[in-house]
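Residue numbers (our numbering): 123 to 360. These notes are about the structure you will find just below.
Listed below in structure tokens is the structure:
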């Protein structure tokens, strides 16, 4: 008898998007069947919005610039019990998201992060990799979580995420999610996912300036005092 957990019938996948017309067709083609892609257009000047609609995605427009603003707009638009986040630049394969959702379904985790494993040297620039190592060290010191990567691919239950009351609307949003989840006693896991060279140039890690700004945003999150705990169960019954 197969005792593996049954995956949810529907999961919402939030895809923050800024000028990703070249990557979108492949990304959307990789969304697992019956799951809903929520593309959050964050001020694109290319055909991203048009392509998202043409491929059947649910399109959300977020005029406030910022990665966190786009992610949170997608979370607000989500209605499924389980919500995933994934970059929209083809560096990560959405078809792998079920392996992140599985620990939520079997009740062994409340937040699952995809630990990026670069497939080539150019997939992860040296300055971004160094910043990631330093950030992992700071996360361990702040939360006690022995994470290796603040992966942009992640999964959690929607109700729990909403209860975390995330406020950052810039590059600190993914970190604030992890820090507040840790403060609330959530069980946080990592699972390895291949990390490919992105399509197009990164708005953050593609430059030293963008990387440094992201580090500043994240240091500000790490300096926040612990918040009131959200429910330990991650917002969903098991």
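Beta carbons: idealized from backbone N, C-alpha and C, even for Gly. These numbers come from a predicted model, not from an experiment.
Query: The segment 149-164 in contact with the segment 207-218 per 3-pair CB rule at 8 Å; Result: yes
Query: Alpha helix (DSSP H) runs wholly inside the segment 174-244, at least 4 long, in chain order; Result: 189-199 and 219-227
Query: Span separating the alpha-carbon of residue 296 from that of residue 290; Result: 9 Å
Query: Option in 213, 194, 135 and 228 with minimal Cα separation from residue 244; Result: 213
Query: Beta carbon of residue 365 nearer than 8 Å to that of residue 308; Result: With the chain running from 123 to 360 in the structure shown, residue 365 is simply not present.
Query: Beta-carbon separation (whole angstroms), residue 269 vs residue 261, contact threshold 8 Å; Result: 5 Å
Query: Cutoff 8 Å; reference residue 310; Cβ partners in own chain excluding five residues on either side; Result: 231, 232, 233, 234, 235, 267, 269, 300, 303 and 304
Query: The segment 269-281 / the segment 162-176 touching (three or more Cβ pairs under 8 Å); Result: no
Query: Expected contact under 8 Å - CB spacing of residue 162 and residue 133 to nearest Å; Result: 16 Å between Cβ atoms; not a contact.
Query: Buried or exposed (CB count within 10 angstroms, at least 16 for buried), residue 178; Result: exposed
Query: Residue 316 vs residue 239 beta-carbon contact at 8 Å; Result: yes
Query: Limits of the alpha helix (DSSP H) - the one that residue 142 falls within; Result: That residue, residue 142, is in no alpha helix (DSSP H); it is neither H nor E in DSSP.
Query: Exposure of residue 339, with buried meaning 16 or more beta-carbon neighbours within 10 Å; Result: buried
Query: Separation of residue 250 from residue 130, as counted between CA atoms; Result: 34 Å
Query: C-alpha gap between residue 218 and residue 292, whole angstroms; Result: 26 Å
Query: Rounded separation between residue 140 and residue 201 - CA only; Result: 23 Å
Query: Paired residues, beta bridge with residue 313 - DSSP; Result: 236
Query: Nearest to residue 76 (by Cα), restricted to the options 246, 321 and 137; Result: Residue 76 is absent from the structure shown; the chain starts at 123 and stops at 360.
Query: Sheet register partners of residue 300 (DSSP bridge); Result: DSSP, once it has assigned bridges, lists no residue as partnering residue 300.
Query: Identity of the residue in 285, 280, 138 and 344 nearest residue 226 by Cα; Result: 280
Query: Close Cβ partners of residue 341 (< 8 Å) along its chain, the five nearest in sequence each way excluded; Result: 260
Query: Rounded distance between the beta-carbons of residue 180 and residue 195, thought under 8 Å; Result: Incorrect: roughly 12 Å between the Cβ atoms, too far for contact.
Query: Start and end residues, alpha helix (DSSP H) containing residue 280; Result: 280-285
Query: Inter-residue spacing [alpha-carbon to alpha-carbon] between residue 135 and residue 345; Result: 30 Å
Query: Opening and closing residue of the beta strand (DSSP E) in which residue 158 lies; Result: 158-163
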